[in-house]
Amino acid sequence: MSMNNQGRPTGTGTSGFASTSGSALLPNEPLLFEIGDTEHSGVDLPDATITNARLGGFERKTALDLAGLTEPEAMRHYVRLSRLNHSIDSGMYPLGSCTMKHNPRLNEKMARLPGFADIHPLQPVSTVQGALKLMNELSHWLMTLTNTSAVALTPKAGAHGELLGMMAIKAAQDAAGQSHRRIVLVPESAHGTNPATAAFLGYSVKSIPARSDGTVDVQAVKDALSPDVAAIMLTNPNTCGLFEPQVIEIAKAVHDAGAFFYCDGANFNAIMGVVRPGDLGIDAMHINLHKTFSTPHGGGGPGAGPVVLSAALAPFAPVPFVRKGSNGLELVEHEQDQALGRITAFQGQMGMYVRALTYMLSHGGDGLAQAAQDAVLNANYIKARLGQVFSVPFPDYPTMHEALFDDSFLTGTGVTTLDFAKALIDEGFHPMTMYFPLVVHGAMLIEPTESESKQTLDRFCDVMEELALDAKAGNATRFTAAPMKAPRRRLDETRAARSPILKWERPTETLKAAE
Amino acid sequence: MRYLPHSEAERADMLGVIGVPNVDALFSAVPAQALKSFDLGLPAHSPEFLVEAHMRALAGQNHAGSDGPFFVGAGAYRHHVPATVDHLIQRSEWLTAYTPYQPEISQGTLQMLFEFQTQVAKLTGMDVANASLYDGSTGTAEAVLMARRLTKRNKIVLSGGLHPHYRDVVRAYLKDDADLECLSASPEGQGDILDHIDDQTAAIVVQTPDFYGHLRNIKAAADAAHAKGALLIVVITEVVSLGLLEAPGALGADIVVAEGQSIGNALNFGGPYLGLLATRKEFIRQMPGRICGETVDAEGQRGFVLTLSTREQHIRREKATSNICTNSGLCALAFSIHMALLGEAGFTRLARLNHANACKLADALESVPGVEVLNKTFFNEMTIRTPQPAAALIERLARRGILGGVPVSRLEPKDHSVGNLIVLAATELTTDEDIAALSSALAEELA
Numbered sequence: 161m162s163m164n165n166q167g168r169p170t171g172t173g174t175s176g177f178a179s180t181s182g183s184a185l186l187p188n189e190p191l192l193f194e195i196g197d198t199e200h201s202g203v204d205l206p207d208a209t210i211t212n213a214r215l216g217g218f219e220r221k222t223a224l225d226l227a228g229l230t231e232p233e234a235m236r237h238y239v240r241l242s243r244l245n246h247s248i249d250s251g252m253y254p255l256g257s258c259t260m261k262h263n264p265r266l267n268e269k270m271a272r273l274p275g276f277a278d279i280h281p282l283q284p285v286s287t288v289q290g291a292l293k294l295m296n297e298l299s300h301w302l303m304t305l306t307n308t309s310a311v312a313l314t315p316k317a318g319a320h321g322e323l324l325g326m327m328a329i330k331a332a333q334d335a336a337g338q339s340h341r342r343i344v345l346v347p348e349s350a351h352g353t354n355p356a357t358a359a360f361l362g363y364s365v366k367s368i369p370a371r372s373d374g375t376v377d378v379q380a381v382k383d384a385l386s387p388d389v390a391a392i393m394l395t396n397p398n399t400c401g402l403f404e405p406q407v408i409e410i411a412k413a414v415h416d417a418g419a420f421f422y423c424d425g426a427n428f429n430a431i432m433g434v435v436r437p438g439d440l441g442i443d444a445m446h447i448n449l450h451k452t453f454s455t456p457h458g459g460g461g462p463g464a465g466p467v468v469l470s471a472a473l474a475p476f477a478p479v480p481f482v483r484k485g486s487n488g489l490e491l492v493e494h495e496q497d498q499a500l501g502r503i504t505a506f507q508g509q510m511g512m513y514v515r516a517l518t519y520m521l522s523h524g525g526d527g528l529a530q531a532a533q534d535a536v537l538n539a540n541y542i543k544a545r546l547g548q549v550f551s552v553p554f555p556d557y558p559t560m561h562e563a564l565f566d567d568s569f570l571t572g573t574g575v576t577t578l579d580f581a582k583a584l585i586d587e588g589f590h591p592m593t594m595y596f597p598l599v600v601h602g603a604m605l606i607e608p609t610e611s612e613s614k615q616t617l618d619r620f621c622d623v624m625e626e627l628a629l630d631a632k633a634g635n636a637t638r639f640t641a642a643p644m645k646a647p648r649r650r651l652d653e654t655r656a657a658r659s660p661i662l663k664w665e666r667p668t669e670t671l672k673a674a675e
Numbered sequence: 098m099r100y101l102p103h104s105e106a107e108r109a110d111m112l113g114v115i116g117v118p119n120v121d122a123l124f125s126a127v128p129a130q131a132l133k134s135f136d137l138g139l140p141a142h143s144p145e146f147l148v149e150a151h152m153r154a155l156a157g158q159n160h161a162g163s164d165g166p167f168f169v170g171a172g173a174y175r176h177h178v179p180a181t182v183d184h185l186i187q188r189s190e191w192l193t194a195y196t197p198y199q200p201e202i203s204q205g206t207l208q209m210l211f212e213f214q215t216q217v218a219k220l221t222g223m224d225v226a227n228a229s230l231y232d233g234s235t236g237t238a239e240a241v242l243m244a245r246r247l248t249k250r251n252k253i254v255l256s257g258g259l260h261p262h263y264r265d266v267v268r269a270y271l272k273d274d275a276d277l278e279c280l281s282a283s284p285e286g287q288g289d290i291l292d293h294i295d296d297q298t299a300a301i302v303v304q305t306p307d308f309y310g311h312l313r314n315i316k317a318a319a320d321a322a323h324a325k326g327a328l329l330i331v332v333i334t335e336v337v338s339l340g341l342l343e344a345p346g347a348l349g350a351d352i353v354v355a356e357g358q359s360i361g362n363a364l365n366f367g368g369p370y371l372g373l374l375a376t377r378k379e380f381i382r383q384m385p386g387r388i389c390g391e392t393v394d395a396e397g398q399r400g401f402v403l404t405l406s407t408r409e410q411h412i413r414r415e416k417a418t419s420n421i422c423t424n425s426g427l428c429a430l431a432f433s434i435h436m437a438l439l440g441e442a443g444f445t446r447l448a449r450l451n452h453a454n455a456c457k458l459a460d461a462l463e464s465v466p467g468v469e470v471l472n473k474t475f476f477n478e479m480t481i482r483t484p485q486p487a488a489a490l491i492e493r494l495a496r497r498g499i500l501g502g503v504p505v506s507r508l509e510p511k512d513h514s515v516g517n518l519i520v521l522a523a524t525e526l527t528t529d530e531d532i533a534a535l536s537s538a539l540a541e542e543l544a
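In order, the protein sequences belong to chains A and B. Residue numbering for the first sequence follows the numbering used here, starting at 161 and increasing by one per position. Residue numbering for the second sequence follows the numbering used here, starting at 98 and increasing by one per position.
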């Protein structure tokens, strides 16, 4: 058995483990299981005496085999690992549709107050009046910004919010004897979660083609509407970064046909405080607190996806929700008449509610509108600066919070969109969103958010221009070999999927498996 | 506005480059009647110290766990989180990173997820685990749907010991589904689920320790399910129990779902939490959620990527296994760091400490006149029957500064047989003084 650079026995069950520790700033960090062992621990706990155990003969007999680290070892392992990540605090994420904005640390500090972090979801309601007030305040802000009648706070993420919104629509139609409505209209440019959500609830999905200008044609919607259509799921501003100019007419046509308008609110950052979706005729819309209201992405969650609801859908909101009662605020935890029940245990993402409300209070109504305007200003600035070099598929309208380009400038260069995006890594930027929306061939979607300064935007645009010129000049290797300065070169995703290795195996286990 | 970098001069410069007179021109696609046709009436922006004062005032109106004796459990548990965990998860590179879709610059998150998956697989005794789901309740609903896909059968039976919120979530996910059978509450730990398995059954769902704290016989449930070609889904809301109790994988479980909050994550009034899902190797292509896998880079160095994404919504759209798009990344990180700090030695001691304190609690409650402990078996949680309605009793205890558990009626309002039942938990944070305070307060209230 070999020894690792911590001087502990190392497993050889995984392939290609680098024997060096990397350079000082780009560490190669062994796996936790290659550093730690089952004896070491970073937590001091007394060894309890149990005189009369009540485990009923169900005691563990198989070994846990969990590696432990002392505190200094753990600190170093996770700090070293962290340095292999790009993050919004270290550089720009021009990721379209993802709204990677600054995450204020006041939010984090507030979420850790014991009065928020150390309260139990099932302790008596009389002992958590401050928490219920906070939920009420957040609801007020969300309903005011959207001009809607109700909000369901509990969804755990945007896709969960979509699910809830569509469940509310289904519940409303079932209650109205409209259960035959089995079709959901989804524009081609939609996020993948939209058709997945509709299908999850048993709806069949009917695709609405985009117009050549990137927007949805009200006539195409009218043609697709029928007495069997339950709803349309429309993103506005849409995934091409455009505000749907006919959205009010679309809403009217949908309502006239007895269907509901589900709005995907992933792009609400472009219009918060400037346009109220309720004024456009939406019936339900989820709001990603981790996009629009600055709660951290955390390397892929946790998110939060509250859903605002129109008056028509409000009675179908899930439990729990907060209501004014005779003794202060109360929490309604059980099904009312037609409501759809409960979509998660407890009260949802309280930790995210605290962060989002902290952000809203910091910005104020005026600041949120300014942030939306700055986000749109930044996207249009990128579009203006790069429009000369990169082709703009939909030039007819000003863009909203994101600028969409296509990869036609790469034709004949031997460089793919993916290659181009990977080259951005070597320049210190996260790649933009690629190949989405699907309606544009070789799409490159850039969302700067309001958090980026003009200086950063200029540097980003300079880099983009320089890369484009270099690609056209025939320096394909810079792109096809990229990234070269990242902690890893390009990873073999095919190999990962073809013969999945999804956990670390002790060397002996590997040997046995090979027999 | 401290979060917005532009000066007015810079805004003007940028508008000049764009070639529009003002920012309103950029909103020209918005129908005129919808554009700023309103006064929001929301407060204006505010300095940090004023926002902080407002939030502190709200937080101050809540009774925090550290304010007094605390016995609330029922699916969320108050454990100690080492300072190292919270420090590390607030590092910029963890906190403010995006989903690791660009693996070359996300190896920190990806390696952590690989380690996390390994930890979860070892804990549950299963072959593979995913990179986490929202929480235990939605994870249970996902597991039920996964079992249907795997067996191509529809009938699902939920044990009467399943957390009522989890049952309600499965009900909402399977709305109006005649093939969902929810057995009535079983506070005495009585089990009749084995009689409900037939050759149409896709899966049975059994929680252990169950909602009322009883330990369930997983081996018997697995054997009975498998005899009819059905799957066994095991649900665990207190993951610390796995430090003392046999791994469900070793007893025949097909899918294990757990709430991971107890390790590394604060109570947070119910979220964000952490759904764990583990299963057999042969089922991975029907497993929902993100999965991280090992591979190599162009230079042959070990590296990690998100993999098997052909199951997922962004590739498969309406044919995806689930609409799920995110995991609970930062909560998984907190779990993984805390579990690494514990290691096998620490995790076992933690579990022993929980059980020891629960034994002390049970013995103390047993000695309170009028109180009956319903459990013969438990890990760190138990159910008592009191001579008075439980909800009012818990409220009176709260007024004495003691959070004495959860009245079952709060979760089962329609079931009048549970009106006098309280579910209570002890953890490593429970002291002998806390137990003495609860016992004497209960004795006084019931006198």
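Just so it is clear, CB atoms sit at the ideal spot from N, CA and C, and this is done for glycine as well. Note that the structure is a prediction, hence the values are computed from the model and not measured.
Using C-beta distances below 7 Å, list every residue in its chain close to residue i, excluding the 5 sequence neighbours before and after it, in chain order.
i, result
"H561 (chain A)", "P397, G401, N427, N429, A430, A535, V536, A539, E607"
Excluding sequence positions up to five away, which residues of its chain have a Cβ less than 8 Å from the Cβ of residue i?
i, result
"Y370 (chain B)", "A173, Y231, D232, G233, E356, G357, Q358, N362, S425, C428"
"F620 (chain A)", "M252, P254, I542, F589, P608, E612"
Alpha carbons only, please: which of the options is nearest the one belonging to residue i?
i, options, result
"I253 (chain B)", "B:V225, B:H262, B:V303, B:S283", "B:V303"
"A563 (chain A)", "A:P480, A:G574, A:L546", "A:L546"
"E105 (chain B)", "A:Q530, A:K663, A:N212, A:S486", "A:Q530"
"L539 (chain B)", "B:Q485, B:R99, B:D265, B:H177", "B:Q485"
"G421 (chain B)", "A:L651, A:T637, A:D249, A:N354", "Here residue 421 (chain B) turns out to be Ile, not Gly, going by the sequence shown. For I421 (chain B), the nearest C-alpha among the options comes from A:N354."
"F401 (chain B)", "A:R649, A:A350, A:A471", "A:R649"
"T559 (chain A)", "A:A331, A:L578, A:A532", "A:A532"
With a cut-off of 8 Å, does the C-beta of residue i fall near any C-beta of chain B?
i, result
"T304 (chain A)", "yes"
"Y557 (chain A)", "yes"
"M270 (chain A)", "yes"
"L440 (chain A)", "yes"
"V414 (chain A)", "no"
"R666 (chain A)", "no"
"R341 (chain A)", "no"
"E626 (chain A)", "no"
Are any of the Cβ atoms in chain A nearer than 8 Å to that of residue i?
i, result
"R408 (chain B)", "no"
"E492 (chain B)", "yes"
"T527 (chain B)", "no"
"I115 (chain B)", "yes"
"R153 (chain B)", "yes"
"Y100 (chain B)", "yes"
Looking at the secondary structure, which residues open and close the alpha helix (DSSP H) in which residue i lies?
i, result
"K316 (chain B)", "315-324"
"L271 (chain B)", "Careful: L271 (chain B) lies outside any alpha helix (DSSP H) and carries neither H nor E."
"G372 (chain B)", "First-last for G372 (chain B): 372-376, but that is the beta strand (DSSP E), not the alpha helix (DSSP H)."
What span of residues does the beta strand (DSSP E) with residue i cover, start to end?
i, result
"Y422 (chain A)", "420-424"
"T392 (chain B)", "389-393"
"T480 (chain B)", "478-482"
"L403 (chain B)", "399-403"
"L491 (chain A)", "488-492"
Got a sec? Which residues, its chain only, sit under 6 Å from residue i by beta carbon, not counting five neighbours each side?
i, result
"L462 (chain B)", "V468, V470, I481"
"F276 (chain A)", "V514"
"T287 (chain A)", "none"
Using 8 Å for Cβ pairs, my map puts residue i next to residue j. What's the rounded Cβ distance?
i, j, result
"M326 (chain A)", "A391 (chain A)", "7 Å"
"A437 (chain B)", "G458 (chain A)", "That belief does not hold up - the Cβ atoms of A437 (chain B) and G458 (chain A) are roughly 18 Å apart, past 8 Å."
"A448 (chain B)", "V337 (chain B)", "5 Å"
"M604 (chain A)", "F565 (chain A)", "5 Å"
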